[in-house]
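Asker:
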Amino acid sequence: MIRNAILLGASLAALSAAAEAQTFEAVFKPVRKDGEVTAIEVRSTLSDAPGAGAFSLSAPVVYAGVPGIADRVEDLIVTDAQGQVPLTSSDDPAAPGGFPYFRHWKAGREVSYPVSISYRSLVQPVGSRQGPPFGIRPSGGGVSGAGSGFLVIPTHIRGGVSKVRWDLSDMPAGSTGIASFGEGAAEVKGPPSRLMQSWYIAGPVGRYPAKGQDHGFSAAWLGTSPFDPAAESAWAAKLYTYIAKDLRYLQPPPPYRVFMRFLDTPPVGGGTALPNSFMLSQASAPRDPKASGPRQTLAHEMMHQWTGGVEAPQGVSSWFSEGLNTYLTAVVPKRGGFRSIADYADELNQIAEGYYGVAARTWSAEKIAKAGFGDEHIRHVPYNRGALYFADLDARIRAKSGGKRRLEDALQPLFKAREAGQRFDHAAWKAFVVREIGPGADKEFEERILEGVLFKPNSNAFGPCFSLTPKTYTQAGETLEGYAFIRKPGVSDAACKAW
0 MIRNAILLGA SLAALSAAAE AQTFEAVFKP VRKDGEVTAI EVRSTLSDAP
50 GAGAFSLSAP VVYAGVPGIA DRVEDLIVTD AQGQVPLTSS DDPAAPGGFP
100 YFRHWKAGRE VSYPVSISYR SLVQPVGSRQ GPPFGIRPSG GGVSGAGSGF
150 LVIPTHIRGG VSKVRWDLSD MPAGSTGIAS FGEGAAEVKG PPSRLMQSWY
200 IAGPVGRYPA KGQDHGFSAA WLGTSPFDPA AESAWAAKLY TYIAKDLRYL
250 QPPPPYRVFM RFLDTPPVGG GTALPNSFML SQASAPRDPK ASGPRQTLAH
300 EMMHQWTGGV EAPQGVSSWF SEGLNTYLTA VVPKRGGFRS IADYADELNQ
350 IAEGYYGVAA RTWSAEKIAK AGFGDEHIRH VPYNRGALYF ADLDARIRAK
400 SGGKRRLEDA LQPLFKAREA GQRFDHAAWK AFVVREIGPG ADKEFEERIL
450 EGVLFKPNSN AFGPCFSLTP KTYTQAGETL EGYAFIRKPG VSDAACKAW
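Residues in the sequence shown are numbered consecutively from 0, following numbering that gives the first Met the number 0.
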């Protein structure tokens, strides 16, 4: 028995080592017609898959509101030493609210490694549904989007190293290819699925800084921008450094890339974060020397690097990932002098209106998640409800500690444990708030955040410069009673900034 256990342990260790050694290598080739990118051709090779089970591939049918990704995959061919591998395909049941579901391709026979996979993914068509910028779109002579917007990924792989190279032979001279995890030939430790959680940009990109990084920050863009991308990137680099200093727990701050694309045709997209990066997507426009960039969006998306997420169903988790992010996006740049107190006041009232001024404010988190990407007012209720919840929690932590601790201080151990791999879910959160606030805080969380019970935050939420005053909102002819933030007389800007 002991010998068998030793042999089994050795066998498992060998499989684990082999899985770590396996490589997935992909070459991305953007192709153009009449000067505009129409598709990305992908050639990839999977070296081995010991103990991984039957060979299978997948791509999203819909991903976060972006439709038809798998439908735009053409000429998918898988080959091994025996020749072409027959494939059968099936789709998951459609997910409500525009959330992701996938198409799967399974091998009709056992494969031998290495296995080659080739296909062409067409760009997202003009006039398709508006949503986050995951789809690949042409602009400025190049192409950009997320891995989830064009990749077909082996799904039976759990470890190894994934590598990416660019073939820019059909692109303008001087073109560059960049991913969230590196420029040019780059790699990321982990299974091929990690490549989906990355932004990609290729073409004659603009750069900040022109070479290298600014304290770990860099930016790349395509297309005609109404503002100066280099100047706004320099501002964002300074804010990124300040966020790291203020929130502390990611030290030194990891490398971070901002991608920007300016599109001549809809859908435009907006801004969305992925690990160590985010994409800003908006309409192209002539350069205005006086224009500034969407700095609130820049701050919000970079802040995701620190706020992270909570283990919860799709959409339901937004109370934390987006709610905490919305709260910190308001207070941290203000604290660092990156936003005026007047702009801060405007931001607080955007939050108040986004909660009290929407009829779905009393919907449960689950009901909002099912609505998904169909209505942006509804989808953003957890952002604003969560922001008010965290502002209230911050005020109560400060009061309980006599001003010695703030929300960010209380979250430090939680963030560090999550970073170390400890599970962070609703049970962990409820235990946290009970420790910080006392008995009943767990039930209060369930009522306010999960069940949708309307609430008014602490009078000192968002600092000593503002108070809540009753306000009536109207949405689609419905009258909604709520609150707005007003500036308190006699409290200095300095006191408000320091909070």
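We treat Cβ as the ideally placed atom computed from N, Cα and C, and that holds for glycine.
Decide if P266 is buried, meaning its Cβ has at least 16 other Cβ atoms within 10 Å, or exposed.
Answerer: Residue numbering aside, residue 266 sits at position 267 when the sequence shown is read from its first letter. Answer is buried; the Cβ neighbour count reaches 16.
Asker: Buried or exposed for T478, please, with buried defined as at least 16 other CB atoms from any protein chain shown within 10 angstroms of its CB.
Answerer: Numbered from 1 along the sequence shown, position 479 holds the residue referred to as residue 478. By the neighbour-count rule (16 or more Cβ atoms within 10 Å), T478 is not buried but exposed.
Asker: Looking at the strands, I want to know which residues DSSP matches up with Y482.
Answerer: Within the sequence shown, the letter at position 483 stands for residue 482. Its beta-bridge partners are P469.
Asker: How would you label E418, buried or exposed, when you count the other beta carbons within 10 angstroms and need 16 or more for buried?
Answerer: Counted from its first residue, the sequence shown places residue 418 at position 419. Its Cβ having fewer than 16 others within 10 Å, E418 is exposed.
Asker: For G183, count the other beta carbons within 10 Å of its own beta carbon; 16 or more makes it buried, fewer makes it exposed. Which is it?
Answerer: In the sequence shown, counting from the first residue as 1, residue 183 sits at position 184. Counting Cβ neighbours within 10 Å, G183 comes out exposed, since fewer than 16 surround it.
Asker: List the residues that DSSP assigns as beta-bridge partners of K105.
Answerer: Within the sequence shown, residue 105 is the residue found at index 106, counting from 1. DSSP output for K105 lists S55, T87 as bridge partner(s).
Asker: Hey, how far is the Cα of E500 from the Cα of G292?
Answerer: Residue 500 is absent from the model: the chain starts at 0 and stops at 498.
Asker: On a CA-only basis, which of Q313, E109, L297, H379 is nearest S217? Give me that one, please.
Answerer: Position 218 of the sequence shown, counted from the first residue, corresponds to residue 217. The shortest Cα separation from S217 among Q313, E109, L297, H379 belongs to L297.
Asker: Give the range of the beta strand (DSSP E) segment to which S138 is assigned.
Answerer: In the sequence shown, counting from the first residue as 1, residue 138 sits at position 139. Taken as a continuous stretch (DSSP letters only), the beta strand (DSSP E) holding S138 covers 136–138.
Asker: Does DSSP classify I152 as helix, strand or coil?
Answerer: Along the sequence shown, one-based indexing puts residue 152 at 153. Three-state result, I152: strand.
Asker: In this structure, how does DSSP classify M195 when only helix, strand and coil are distinguished?
Answerer: The residue given as residue 195 occupies position 196 in the sequence shown. Here M195 sits in helix by DSSP.
Asker: Would you give the residue range spanned by the alpha helix (DSSP H) that L327 belongs to?
Answerer: Here residue 327 corresponds to residue number 328 of the sequence shown, with the count starting at 1. From DSSP, the alpha helix (DSSP H) with L327 extends over 322–334.
Asker: If you follow the alpha helix (DSSP H) that T296 is in, where does it begin and where does it stop?
Answerer: The count along the sequence shown starts at 1 and reaches residue 296 at position 297. Start and end: 294–306.
Asker: Could you please give me the residues that DSSP links to S280 through a beta bridge?
Answerer: On the sequence shown, residue 280 is found 281 positions in, with the first residue counted as 1. Paired residues: R260, G269.
Asker: Classify K162 as buried or exposed, calling it buried when 16 or more other Cβ atoms lie within 10 Å of its own Cβ.
Answerer: Your numbering for residue 162 matches position 163 in the sequence shown. Buried: at least 16 other Cβ atoms inside 10 Å.
Asker: Could you pull out every residue in the same chain whose Cβ sits closer than 8 Å to the Cβ of S466, ignoring the five residues on either side in sequence?
Answerer: On the sequence shown, position 467 is the one that residue 466 refers to. Answer for S466: S458, F484, I485, K487, listed in chain order.
Asker: Identify whether W220 lies in helix, strand or coil by the three-state DSSP scheme.
Answerer: As a position in the sequence shown, residue 220 is number 221, starting the count at 1. Of the three classes helix, strand and coil, the one that applies to W220 here is strand, per DSSP.
Asker: Going by DSSP in three states, L75 sits in which element: helix, strand or coil?
Answerer: Taking the first residue of the sequence shown as 1, we reach residue 75 at position 76. In the structure shown, L75 sits in a strand (DSSP, three-state: E or B).
Asker: Hey, G268 and S280: beta-carbon distance below 7 Å or not?
Answerer: As a position in the sequence shown, residue 268 is number 269, starting the count at 1. As a position in the sequence shown, residue 280 is number 281, starting the count at 1. In contact: G268 and S280 (Cβ atoms closer than 7 Å).
Asker: If distances are taken between C-alpha atoms only, which option among R128, K105, W498 comes closest to V65?
Answerer: Counting from one through the sequence shown, the residue named residue 65 turns up at place 66. Of the listed residues, the one whose Cα sits closest to V65 is R128.
Asker: Need the endpoints of the alpha helix (DSSP H) that R395 sits in, please.
Answerer: As a working mapping, residue 395 is identified with position 396 in the sequence shown. Start and end: 380–399.
Asker: From the DSSP output, in three-state form, read off D424 for me.
Answerer: Translated into positions along the sequence shown, residue 424 becomes position 425. D424 falls in the strand class under three-state DSSP.
Asker: Which residues in the same chain have their Cβ closer than 6 Å to the Cβ of F454, if we skip the five residues on either side of it in sequence?
Answerer: Position 455 of the sequence shown, counted from the start, is the residue given in the question as residue 454. R447, listed in sequence order.
Asker: Is any non-hydrogen atom of the ligand COA found closer than 6 Å to the C-beta of P171, if you look at the structure I gave you?
Answerer: Within the structure as shown, the ligand COA is missing, as the structure has no ligands at all.
Asker: How about V151 and A58: are their beta carbons less than 7 Å apart?
Answerer: Counted from its first residue, the sequence shown places residue 151 at position 152. Counted from its first residue, the sequence shown places residue 58 at position 59. Result yes, Cβ atoms of V151 and A58 sit closer than 7 Å.
Asker: Can you give the Cα-Cα distance for Q304 and I242, rounded to whole angstroms?
Answerer: Start at 1 with the first residue of the sequence shown, and residue 304 comes out as number 305. Start at 1 with the first residue of the sequence shown, and residue 242 comes out as number 243. C-alpha separation (whole angstroms): 10 Å.
Asker: Let's see if you can read the secondary structure: which residues bound the beta strand (DSSP E) around E23?
Answerer: In the sequence shown, the residue the question calls residue 23 occupies position 24. For clarity, residue 23 is Phe in the given sequence; the question names Glu instead. Taken as a continuous stretch (DSSP letters only), the beta strand (DSSP E) holding F23 covers 22–32.
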